[in-house]
Amino acid sequence: MVSQLPTKPGQAEQADDRSPGPRRNRAKELALAPIAGLLILAVLARPQLVSLLDRPAVANWATVFVAVTVQALPFLVLGVSVSACIAAFVSPATLSRVFPDRPVYAVPVAAVAGAALPGCECGSVPIARRLMSRGVTPAAALTFLLSAPAINPVVMVATAVAFPGQPEMVAARFLASLIAAVTVGLAWTVIGRGDLLALATRPTPPSDRRPIEVFRQTAQHDFLSAGGYLVIGAAAAASLQTAVPRSVVDAFAESPVLSVLALAVLAVVLALCSEADAFVAAGLKQFSLTARLAFLVVGPMVDVKLIALQAGTFGRAFTLRFAPLTFVCALGSASLIGWWLL
Amino acid sequence: MTPLVGGTTLLLVGAMLIRLTVTDAYQRYVRAGMGPWLLIAGVLLAALGAVAVLTALRAGNEDPAENERHEGHGHDEDHEHGDGVGWLLLVPVLALLLVVPPALGSFGVDRSRVTAGGGDVFDPLPAATEPREMTLLEFDQRAFDRKGHSMRGAELRLTGFVARPADGNGFRLARYQIACCAADAVAAVARVSGATGAAPTRDAWFTVTGTFRGIGADGVPEFAASAVQQLPAPVDPYE
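Sequence lines, in order, name chains Z and W.
Using this note's numbering, the first residue of the first sequence is number 1, and each one after it goes up by one.
Using this note's numbering, the first residue of the second sequence is number 343, and each one after it goes up by one.
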């Protein structure tokens, strides 16, 4: 198969023709019925739901599920606001001045630009998609997606606080994450296929709506779609945290090679916020520093919550290739830097 | 999702965040410092949702053609990148409205227990006439630093919940520390012995006063209690 990236977005696919057809006015009136129905059903089932929480495992699941969702929502709001601002107020011309057209230059620029967005990984997904639809090279947008949650100042400070007296850990995390993000971006220019990102790179049609209306509608749409997938990811993380016993993880701690792999997999499974993962890594003392570095480099780039978000935002076919590629690059980069610095 | 349903969902999620912050219940799930951010996010979402609902209603009443156009747009976007999954946001909303999951309890203590100190070296505690309040985390860290050398003989006061009602010749007290949210909780534990009175129930909260008494064979620091007092669960259950 010929791999080719659309250098100009919109080349990939034409919009399907609009065929709204005759609308049933009834449907509009009934639109709120499912929400009302769901509310009534939930109220009726309340005693059963409450008695479920008497089981400690269910209560633990529910607490972690709500915690992951609630904790991510402010960051998602931040990301969606930035994304909607780009859609409403930043012209593609401005963006093309910031991000060079040639991926070879655009990718490193995007990696460093990631340092400017304080937040965790949930916020960068809608922003990356918006950058693509505004004409930024997909490889560069993907690099930004990976580097922003990993190397921003908030995360670096959290890492320094979690590893007191070990500044080499902060340096190693910064370097390894930067290298991993750039490697994935450059790899995508070579092996990535434009059709996988056809939906995200399709340019937003010019609109006659006022910018503030564009902002409102983009923000609403992006929040609902990313928020829905966040809920799926939070449920997955809560299930794995409740079901996988710690002893399974500890069993891998002894072998140097297996321990790196085990913590990389644990990072995917736990789906921690990139601003908190350093504190958890600091507590995993039975593992080597390199293994813990792998945990910190992989976590912000690949985890179950992110996989759900990315699949929802960019499509399943894309995520099926992108997540493993990112995992391998992050793991390799962390092992290399850990061997050199730690 | 139609603009009306989408707007209603945003409004509900925003209302949930505002309610969580106003009632302080958010501290069961995330770090106490997150409160202002949750409130800001909640207000923004609720405002966005309210404007969306009003716009949709007004468009529906006054200008059906306009509404049609917007809905056509929404329909188109559903094809490329659906927000139908936004329905799922109602799951945490309902969970919080109806059942309110509790703070983390004894269930996860064993899988997230601190098993070694932070490698910190502590100076001996100064002499004091009053018992010294100490977090369970600091107690564990001091215990693992040169076998508790820095707090030998000092009278301490620890607060936590019962992780195991019967543990050796006492019960196991635990408390979580969280960095960001309950998903990253780490538990510190101590075995409290010497308590008299009724056997403690699982997940009940206690303040215990006493002294450090070495580390047990299973790696759990031992605490010899002179006074044990039950108390209601604190608003911020984490250290």
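All residues carry an ideal CB built from backbone N, CA and C; glycine is no exception.
Rounded to whole angstroms, what's the CA-CA distance from L73 (chain Z) to I35 (chain Z)? Just pull it up for me.
Their Cα atoms are separated by approximately 21 angstroms.
Helix, strand or coil, according to DSSP, for I179 (chain Z) in the structure here?
Here DSSP, grouped into helix, strand and coil, assigns I179 (chain Z) to helix.
From this set, Z:L306, Z:G312 and Z:A237, which residue's C-alpha is nearest W61 (chain Z)'s C-alpha?
Comparing C-alpha distances from W61 (chain Z) to each of Z:L306, Z:G312 and Z:A237 shows the shortest one belongs to Z:A237.
Simplified DSSP state of D195 (chain Z), which is helix, strand or coil
Helix at D195 (chain Z).
Where in the segment 211-278 of chain Z do unbroken runs of the beta strand (DSSP E), each at least 3 residues long, occur, reported from the N-terminal end onward?
List check, beta strand (DSSP E) in window: nothing returned.
Proximal residues of chain W, C-beta to C-beta of Q310 (chain Z) below 8 angstroms:
By Cβ distance, chain W contributes nothing, its closest Cβ being about 12 angstroms from Q310 (chain Z), past 8 angstroms.
Could you check where the beta strand (DSSP E) with P563 (chain W) kicks off and where it finishes?
Boundaries of the beta strand (DSSP E) harbouring P563 (chain W): P563 to L573, taken from the DSSP string.
What's the C-alpha gap between P211 (chain Z) and A172 (chain Z)?
Cα to Cα, P211 (chain Z) sits roughly 42 angstroms from A172 (chain Z).
For V577 (chain W), the nearest candidate out of W:T363, W:S568, W:L346 and W:G349 (CA to CA):
Residue W:T363 is the option with its Cα nearest to V577 (chain W).
Could you tell me whether the segment 295-312 of chain Z touches the segment 255-266 of chain Z, using the rule of 3 or more Cβ pairs below 8 angstroms?
Three or more beta-carbon pairs separated by less than 8 angstroms link the segment 295-312 of chain Z to the segment 255-266 of chain Z, which places the two stretches in contact.
Within chain Z, partners of S448 (chain W) - CB distance below 8 angstroms:
Taking a Cβ-Cβ threshold of 8 angstroms, the residues of chain Z close to S448 (chain W) are P56, in chain order.
How would you call H491 (chain W), buried or exposed, if buried means at least 16 neighbouring beta carbons within 10 angstroms?
Looking at its Cβ environment, which holds fewer than 16 other Cβ atoms inside 10 Å, H491 (chain W) is exposed.
Give, in chain order, every unbroken run of the beta strand (DSSP E) that is at least 3 residues long and sits entirely within the segment 431-510 of chain W.
List check, beta strand (DSSP E) in window: 498-509.
So F287 (chain Z) contacts chain W; which residues on that side make the cut at Cβ distance below 8 angstroms?
Per Cβ cutoff of 8 angstroms: no residues; F287 (chain Z) is ~11 angstroms from chain W at best.
So which of Z:D250, Z:I179 and Z:L336 has the shortest CA-CA distance to S454 (chain W)?
Closest option to S454 (chain W), Cα to Cα, is Z:D250.
Alpha carbon to alpha carbon, how far is L381 (chain W) from I360 (chain W)?
If I take the Cα positions, the gap works out to 5 angstroms.
At a Cβ threshold of 9 angstroms, is D487 (chain W) touching chain Z?
Cβ-Cβ to chain Z under 9 angstroms: no for D487 (chain W).
V190 (chain Z) in three-state terms, based on DSSP
In the structure shown, V190 (chain Z) falls within a helical segment according to DSSP collapsed to helix, strand and coil.
Identified DSSP bridge partners for T549 (chain W)
Note: T549 (chain W) sits in a beta bridge opposite W:T501 and W:Q571.
Where does S288 (chain Z) sit, in a helix, a strand or coil, going by DSSP?
In the structure shown, S288 (chain Z) sits in coil (DSSP, three-state: anything other than H, G, I, E or B).
Against chain Z, does L390 (chain W) count as a neighbour if the rule is that its beta carbon must be under 9 angstroms from one of theirs?
Yes, its Cβ sits closer than 9 angstroms to a Cβ of chain Z.
Establish whether the CB of R316 (chain Z) and some CB of chain W are separated by less than 9 angstroms.
So, not an interface residue.
Could you name the residues of the same chain whose beta carbon sits closer than 8 angstroms to that of V170 (chain Z), not counting the 5 residues immediately before and after it, in chain order?
Excluding five sequence positions before and after V170 (chain Z), the CB atoms of its chain that fall closer than 8 angstroms to its own CB belong to M156, T159, A160 and F163, given in chain order.
Following the continuous beta strand (DSSP E) through Y518 (chain W), name the residue where it begins and the one where it ends.
From DSSP, the beta strand (DSSP E) with Y518 (chain W) extends over G512 to Q519.
Around the C-beta of K305 (chain Z), are 16 or more other C-beta atoms found within 10 angstroms, so that it is buried, or is it exposed?
So K305 (chain Z) ends up on the buried side.
Mark V451 (chain W) as exposed unless 16 or more other C-beta atoms lie within 10 angstroms of its C-beta, in which case mark it buried.
With a 10 Å radius around the Cβ and a threshold of 16 neighbouring Cβ atoms, V451 (chain W) comes out buried.
Which of the three DSSP states is assigned to C329 (chain Z) in this structure?
Reduced to three states, the DSSP call for C329 (chain Z) is helix.
In three-state terms, what does DSSP make of R373 (chain W)?
Correct three-state label for R373 (chain W): coil.
Using C-beta distances below 6 angstroms, list every residue in its chain close to A253 (chain Z), excluding the 5 sequence neighbours before and after it, in chain order.
Closer than 6 angstroms at the Cβ level, and outside the excluded window around A253 (chain Z), lie S259, Q286 and F287.
Just the Cα atoms here: how many angstroms apart are C522 (chain W) and C329 (chain Z)?
C-alpha separation (whole angstroms): 27 angstroms.
Which residue comes first and which comes last in the beta strand (DSSP E) that contains V528 (chain W)?
DSSP places V528 (chain W) inside the beta strand (DSSP E), whose first and last residues are V528 to S535.
Pull up the distance between the alpha-carbon of G165 (chain Z) and that of D462 (chain W), whole angstroms please.
G165 (chain Z) and D462 (chain W): Cα-Cα distance of roughly 10 angstroms.
Exposure label - Y105 (chain Z); buried when at least 16 CB within 10 Å:
It is exposed - the Cβ of Y105 (chain Z) has fewer than 16 other Cβ atoms within 10 Å.
How long is the line joining the alpha carbons of L76 (chain Z) and G356 (chain W), rounded to whole angstroms?
Each residue's CA atom was taken as its position, placing L76 (chain Z) and G356 (chain W) some 13 angstroms apart.
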